[in-house]
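The numbering of the sequence shown is our numbering, which starts it at 887 and goes up by one.
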Amino acid sequence: MSWQTYVDTNLVGTGAVTQAAILGLDGNTWATSAGFAVTPAQGTTLAGAFNNADAIRAGGFDLAGVHYVTLRADDRSIYGKKGAAGVITVKTSKAILVGVYNEKIQPGTAANVVEKLADYLIGQDKRAEP
């Protein structure tokens, strides 16, 4: 399955997120939903935050023209909030999944979809190991 198919079907297609992207661990965009543009600088900042989240914990972070307050940041997941909307980002062994939800979607619903896709991809990586 292509990265774009994961964005279109497994993220946005669920209705649990309104916009989505998949980034490489270097922050480069691999796939994105229409109209959702993560700049290279934003991708790099996000990717780096999984290793050292101090800056985004203190000042939040920007993605696709929106500034988010950081709710959670660890080596697996970074959650951000802007009003009643927000973003869920999850790191796998190869990629970073990004799912944005609006005020009509429960944050837990969005988190569940993004986290479960990450778990699936991590499981796929483990099966490919010798």
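Glycine included, every Cβ here is placed at the ideal spot set by N, Cα and C.
Using a 10 Å radius around the Cβ and a threshold of 16 neighbouring Cβ atoms, would you call residue i buried or exposed?
i     : result
A959  : buried
K990  : exposed
N896  : buried
A902  : buried
A1049 : Any property of residue 1049 remains undetermined from this structure, which presents the chain solely from 887 to 1016.
Y987  : buried
A1020 : Limits of the chain in this structure are 887 at one end and 1016 at the other, which puts residue 1020 out of reach.
Below 8 Å on the Cβ atoms is my guess for residue i versus residue j; work out the distance and round it to an integer in Å.
i     : j    : result
G985  : A996 : 6 Å
I1008 : T978 : 5 Å
L932  : I964 : 7 Å
Would you mind working out which of the options sits nearest residue i, comparing C-alpha positions?
i     : options                 : result
K967  : G994, L909, P926        : G994
Q928  : I942, S919, G921        : I942
D894  : I964, A920, Y954, I982  : A920
N884  : K1002, I982, Q905, Q992 : Outside the displayed range of the chain (887 to 1016) lies residue 884, so it cannot be described from this structure.
A950  : Q905, D961, A944        : Q905
P926  : V1000, N938, D912       : D912
V1000 : D1011, R962, G969       : R962
- Which ranges would you report for the beta strand (DSSP E) in the segment 915-946 if only whole runs of at least 3 residues count? 915-918
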